[in-house]
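Presented below is the structure to which this report refers.
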Amino acid sequence: MFESGESTQASAAITAARDAFARLGRELGNATRIDLIRALVELKSSCAAAQAVLTADLSTDRRAEHAAAGVPTAQRGRGVAAEIGLARRESPKRGSQFLGLANVLVHEMPHTLALLRSGHLNEWRAMLLVRETACLSKADRARVDRDLCGRPERLEGMGDAKIIAAARAAAAELDVAAVVRRNARAVADRHVSVRPAPDTMSYVSALLPVKEGVSVYAALRRDADTVIAAGDERSRAQIMADLLVERVTGQASATSAPTAVNVVISDHALFGDGDEPAHVVGYGPIPAAIARDWIKNAAAEEDSPETVQLRRVYAHPGSGALTAMESKSRCFPKPLARLIDIRDRVCRTPWCGAPIRHRDHIEPHEAGGATAVDNGAGLCEACNHAKQAPGWSSRPEHRTPAARHRYSFTTPTGHNFTSTAPPLPKPYPLGIEIYTPTEQILVDFLACN
Ligand SMILES: [Zn+2]
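Heads up: the sequence shown at position 40 corresponds to 39 in numbering that gives the first Met the number 0, and the numbers run straight through without jumps.
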């Protein structure tokens, strides 16, 4: 969506260059190939510099517009990171990182920007320089920018590690106290996260100050050795992993940690021999056979039903009870929120993929939007905030019950995007009565389309 004659020209030049690369011949000498690889790397860097300038200018304009419209200072510029992410086909989080980088390059580190434009630095290394000088005052940062990037020869031949070291040394020389404060801030970033690993495994990671991290590991290793000395046949690695689970969950043994897991599995896969993967909410797909085993084992447990919280959720286009549920409430009631979480799995913004934190009214509640599953979308915190910025609008699409949920939204520049919910496991054809709730399992029958 280019607006002026100037930008039409720029757009045409970019398209022409892209076409020229597509037509690049294969019958070339090797020296020419090497020269072209270098030239294209430099071109990628200058593209990154051009993107940085466009991004910083958009940000400045948007802030001015928000100020003119009387938006409170703290909320000015809201939504810009999401716009940048969408334009780059990346998550709003990456959009936000690039916006930060662009603003620093354009407003605080002109020499670094110049080296990016000339191809002497790539985008990653420019980012390293921005990151390593983030703790400094504007004046000190400008000095590092000038010292390191004032002349292209200064950084010639330096890889990532050397660039980081040079920037850190320069920062420490100018302001030791700032570097110390930065370390204190790093401690504040400690956190625990979980992400999927192959073969239905998962990684639980903790980012900790070095002393705590080393002591966690040493304690597990020491106690695993004690267990091994008592004759346990598991490997040290296995015992350490089991001890970690036991201690964190407060369970007597790792295997009896309570399972609070939402599994979406088709009836065909659960009661028949269907192979369609089940979906574990917050994790992703797992093989149907493994989900069947979980449910079978849960059903065989002798403990009270409360110890088993495998929640089975069905995709059944025949029963519309929950999808039709409406509420006068402004917040999505729990069953509806749970249904949206299971339907959407992760934030619905294209390319985002962050965990869902808000069930958002696609058409705002104030504008008469219903608190209903069709008008709800699972969004992460950043996307929910971006959507509330001036100039954003979104609307649900009314589709047949069999179709996957879809809505579209428009950013302040008038660019349109659509978001379609991921598919759920397919159920048996309609009319087959196969629901036989197992007593030992807490069963939820939800109807999802
Ligand atoms: Zn998001």
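Heads up, the beta-carbon is just placed ideally off N, CA and C, and yes, glycines get one too.
Everything numeric in this text was worked out from a predicted model, so none of it was measured.
### Assigned secondary structure, Leu-104 (DSSP; H/G/I helix, E/B strand, else coil)
The answer is helix: DSSP assigns Leu-104 an H, G or I state.
### Task
Would you mind working out which of Glu-155, Lys-161, Arg-150 and His-106 sits nearest Glu-131, comparing C-alpha positions?
For Glu-131, the closest C-alpha among the options Glu-155, Lys-161, Arg-150 and His-106 is that of Lys-161.
### Nearest to His-106 (by Cα), restricted to the options Arg-181, Ala-420 and Val-52
The shortest Cα separation from His-106 among Arg-181, Ala-420 and Val-52 belongs to Val-52.
### Query
In the DSSP assignment, what residue or residues form a beta bridge with Gly-283?
Its beta-bridge partners are Val-279.
### Query
How big is the Cα-Cα spacing for Gly-78 and Pro-91?
When rounded, the separation of the alpha-carbon atoms in Gly-78 and Pro-91 is 9 Å.
### Secondary structure of Arg-394, DSSP reduced to three states
Note: Arg-394 maps to strand in three-state DSSP.
### Query
Can you list every residue whose CB sits closer than 6 Å to some heavy atom of ligand 1, going in chain order?
Here the residues come out as Pro-91, Cys-346, Thr-348, Cys-351, Ala-353, Leu-378, Cys-379, Ala-381 and Cys-382.
### Local conformation of Ser-303 per DSSP, three classes
Because Ser-303 sits at a pLDDT of 41, beneath the cut-off of 50, its placement in the model cannot be relied upon, and the following sentence gives the value as read from the coordinates. For Ser-303, the secondary structure class from DSSP, reduced to helix, strand or coil, is coil.
#### Entry: Leu-154 vs Ala-47 beta-carbon contact at 8 Å
If you check the CB distance, Leu-154 and Ala-47 do not come in under 8 Å.
### Query
In this structure, does DSSP put Asp-373 in helix, strand or coil?
Three-state DSSP puts Asp-373 in a helix.
### Task
With a threshold of 16 other CB atoms inside 10 Å of the CB of Trp-123, please say whether the residue is buried or exposed.
Under this definition Trp-123 is an exposed residue.
### Message
Starting from Ala-236, trace the alpha helix (DSSP H) in both directions and tell me its first and last residue.
### Response
235-248 is the span of the alpha helix (DSSP H), which, as asked, contains Ala-236.
### Task
Please go through the same chain and pick out, in chain order, the residues whose beta-carbon is closer than 6 Å to the beta-carbon of Asp-274, but skip the five residues on each side of it.
Scanning its chain for C-beta atoms nearer than 6 Å, with the 5 sequence neighbours on each side dropped, one finds around Asp-274 the residues Ala-287, in chain order.
### Query
If you run the structure through DSSP and keep just helix, strand and coil, what is Pro-411?
Coil at Pro-411, not helix or strand.
#### Entry: Stretch-stretch touch, CB-based, cutoff 8 Å, three pairs: the stretch 330-346 with the stretch 375-384
Judged by Cβ distances under 8 Å, the stretch 330-346 makes contact with the stretch 375-384, as three or more pairs qualify.
### Task
Give the straight-line distance between the Cα atoms of Arg-189 and Ala-15, rounded to the nearest whole angstrom.
Arg-189 and Ala-15: Cα-Cα distance of roughly 48 Å.
### Query
Where in the stretch 137-164 do unbroken runs of the alpha helix (DSSP H), each at least 4 residues long, occur, reported from the N-terminal end onward?
Listed in chain order, the complete alpha helix (DSSP H) runs (minimum 4 residues) inside the stretch 137-164 are 137-148.
#### Entry: Residues that DSSP places opposite Ser-460 in a beta bridge
Here the chain comprises residues numbered 0 to 448, so residue 460 is not present and cannot be evaluated.
### Message
I'd like the list of long-range same chain contacts for Arg-194, defined as Cβ closer than 8 Å, with 5 residues on each side in sequence excluded.
### Response
Within the same chain, Arg-194 has close Cβ partners Ser-201, Tyr-202 and Ser-204.
### Task
Using 10 angstroms around the beta-carbon of Gly-212, count the other beta-carbons present and answer buried if the total reaches 16, otherwise exposed.
Burial call: exposed.
### Message
Here's a check: name, in chain order, each residue in its chain whose Cβ is nearer than 8 Å to the Cβ of Pro-422, leaving out the five neighbours to either side.
### Response
For Pro-422, where only same-chain residues beyond five positions count, the Cβ hits under 8 Å are Arg-403.
#### Entry: First and last residue of the uninterrupted alpha helix (DSSP H) at Val-191
No alpha helix (DSSP H) contains Val-191, which is instead part of the beta strand (DSSP E) from 190-196.
### Task
Determine the closest residue to Ala-268 out of Val-186, Asp-292, Gly-283 and Arg-358, with distance taken between C-alpha atoms.
By alpha-carbon distance to Ala-268, the top candidate from Val-186, Asp-292, Gly-283 and Arg-358 is Asp-292.
### Message
Can you find the residues in the same chain that come closer than 7 Å, C-beta to C-beta, to Cys-379, ignoring five residues on each side of it along the sequence?
### Response
Here Cys-379 has Cys-346, Cys-351, Ala-353, Pro-354, Ile-355 and Arg-356 as same chain residues with Cβ atoms under 7 Å from its own Cβ, once five neighbours each way along the sequence are excluded.
### Task
Pull up the distance between the alpha-carbon of Gly-156 and that of Ala-125, whole angstroms please.
Rounded to the nearest angstrom, the two C-alpha atoms are 15 Å apart.
### Proximity to Arg-61 [Cα-Cα], best of Leu-27, Glu-172 and Arg-75
Taking Arg-61 as reference, the option from Leu-27, Glu-172 and Arg-75 with the minimal CA-CA separation is Arg-75.
### Task
Less than 8 Å between the CB atoms is what I'm expecting for Leu-242 and Asp-222, so what's the real figure, rounded?
Indeed, because the Cβ distance is near 6 Å, the residues count as touching under 8 Å.
#### Entry: Where the alpha helix (DSSP H) through Ser-45 begins and ends
Note, Ser-45: alpha helix (DSSP H), 29-67.
### Message
Would Thr-54 and Ile-13 qualify as a contact pair, given that the criterion is a beta-carbon distance under 8 Å?
### Response
With a cutoff of 8 Å on beta-carbon distance, Thr-54 and Ile-13 are scored as not near each other.
### Nearest-angstrom Cα separation, counted from Ala-68 out to Ala-80
Rounded to the nearest whole angstrom, the C-alpha separation of Ala-80 and Ala-68 is 19 Å.
### Query
Hey, would you say Cys-148 sits closer than 8 Å to His-110, going by beta carbons?
The answer is yes: Cβ separation under 8 Å.
### Spatial distance of Val-143 from Arg-235 (CA atoms)
C-alpha separation (whole angstroms): 48 Å.
#### Entry: His-110, enclosing alpha helix (DSSP H) - first and last residue
Where His-110 is concerned, the enclosing alpha helix (DSSP H) stretches over 109-117.
### Span of the beta strand (DSSP E), counted from its first residue to its last, around Leu-206
Per DSSP, Leu-206 belongs to the beta strand (DSSP E) from 200-206.
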